[in-house]
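The structure appears below as structure tokens.
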Amino acid sequence: MRTYGLIGQSLKHSFSADYFNSKFQREGMTDYCYELFELESIESLSRLIEEHPDLEGFNVTIPYKEQILPYLYFRDKVVDEIGACNCVKIINDKLYGYNTDVEGFLKSFIPLFQTYHHSALILGNGGAAKAVKAALDELSIQSTMVARKPNSLDEILWDTLSAGTIEDNNIIVNATPLGMYPDVNSFPPIPYKAITRFHLVIDLVYNPAKTIFLQKAEAQDAIIQNGIEMLEQQAEASWNIWSPAI
41 MRTYGLIGQS LKHSFSADYF NSKFQREGMT DYCYELFELE SIESLSRLIE EHPDLEGFNV
101 TIPYKEQILP YLYFRDKVVD EIGACNCVKI INDKLYGYNT DVEGFLKSFI PLFQTYHHSA
161 LILGNGGAAK AVKAALDELS IQSTMVARKP NSLDEILWDT LSAGTIEDNN IIVNATPLGM
221 YPDVNSFPPI PYKAITRFHL VIDLVYNPAK TIFLQKAEAQ DAIIQNGIEM LEQQAEASWN
281 IWSPAI
């Protein structure tokens, strides 16, 4: 069985296996499967690969998009630029790292983008947040990450996030796991009353389909989008990376 999969620490939220296995069934690819591999730490990766010699590639999610970098034999340009990898292809037992989150976000974001959307706040500063920033940079949209522990001078603290900051940035992207199943009652602590109908509010979380974050933004008449389309777009981009080996 030709195997692909997803590695992460907790994968109860993930739709990836359903997405790919439905794709394989639909296209008559009966000798392919996609599995979820929960790892307690990234150090377990080598053992996972040894135990699954039929594993040909895998996606990477929280919290390993950055931690996997030292294990990669090859990194594509995007991985080098943003320091995060979400797609790995295995060739002769070597790990080739790519990032399809940037492409996935771009393809899901562009149809919603309006000319008056001028600057963005990205909630979080992990691997997903870095991919969002890289995508917005490609569109020449200024963006600022919001983090509990800023890593650079162009990131700001959650505690300094004011209503004025929300008003000045009419794109808001949640790139944290807040609100993700099973922690569905959590949400980013931002001044939601400052959101307007001119805001585009995106949650990379897709399970549940409408997080409290999105509900609060919708109540302010903002345009909202969850992360399911980005998931589908980055999944197809991952498949394009894996499939030439077929």
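Note that the sequence shown covers residues 41 to 286 in my numbering.
For each residue, glycine too, the CB sits at the ideal point set by N, CA and C.
As the structure is a prediction and not an experimental result, all values here were calculated from the model.
Check	Outcome
Rounded C-alpha distance that separates ASP199 from HIS92	45 Å
Option nearest GLU78 by Cα separation, candidates LYS63, ALA169, GLY166 and LEU51	LEU51
Neighbour-count burial assignment, ILE286, 16 or more Cβ in a 10 Å radius	Any reading at ILE286 must be qualified, since the residue scores a pLDDT of 45, below 50, and its modelled position is unreliable; the value itself is stated next. ILE286 is exposed by the Cβ-count criterion.
Cβ-based neighbour list, ASP116, same chain, cut-off 6 Å, excluding 5 preceding and 5 following	TYR138
DSSP state of ILE181 mapped onto helix, strand, coil	coil
Secondary structure of ASP133, DSSP reduced to three states	coil
Reference THR101, options SER56, LYS147, ARG66 and GLN182, closest by Cα	SER56
Residue of PHE98, HIS157, ALA160 and ILE162 minimising C-alpha distance to ASP131	Reading the sequence as shown, one finds Ile at residue 131 and not Asp. Minimum Cα distance to ILE131 is reached at PHE98.
Alpha-carbon to alpha-carbon, ASN209 and PHE114	36 Å
Under 7 Å between C-beta atoms of ASN126 and ASN165	no
Three-pair Cβ contact test at 8 Å for the region 66-75 versus the region 229-248	no
Sequence ranges, alpha helix (DSSP H) only - wholly within the region 72-129, length at least 4	85-91, 104-107 and 117-122
ARG66 in three-state terms, based on DSSP	helix
Start-to-end residues for the alpha helix (DSSP H) that takes in ASP141	141-149
Span of the alpha helix (DSSP H), counted from its first residue to its last, around PHE271	According to the sequence displayed, residue 271 carries Leu and not Phe. From DSSP, the alpha helix (DSSP H) with LEU271 extends over 268-282.
Contact under 7 Å by Cβ, ALA206 with ALA169	Per the sequence shown, the amino acid found at residue 206 is Ile instead of Ala. No, these two residues do not count as a Cβ contact at 7 Å.
Inter-residue Cα distance where the pair is SER148 and LEU135	28 Å
Residue range of the unbroken beta strand (DSSP E) whose run includes GLY45	42-48
Span separating the alpha-carbon of ALA259 from that of GLU83	43 Å
GLY167 versus GLN65 - alpha carbon distance	31 Å
Residue range of the alpha helix (DSSP H) that includes ILE242	Taken as a continuous stretch (DSSP letters only), ILE242 belongs to no alpha helix (DSSP H), being part of the beta strand (DSSP E) at 240-243.
6 Å CB neighbourhood of ILE211 in its chain, flanking five on each side removed	HIS157, ALA160 and LEU240
Assumed close pair TYR246, GLY267 - CB separation to whole angstroms, cut-off 8 Å	4 Å
Under 7 Å between C-beta atoms of THR216 and LEU163	yes
Outcome for MET270 when other beta-carbon atoms lying within 10 angstroms are tallied against a minimum of 16	buried
Opposing strand residues paired with ALA160 [DSSP bridges]	SER183 and ILE211
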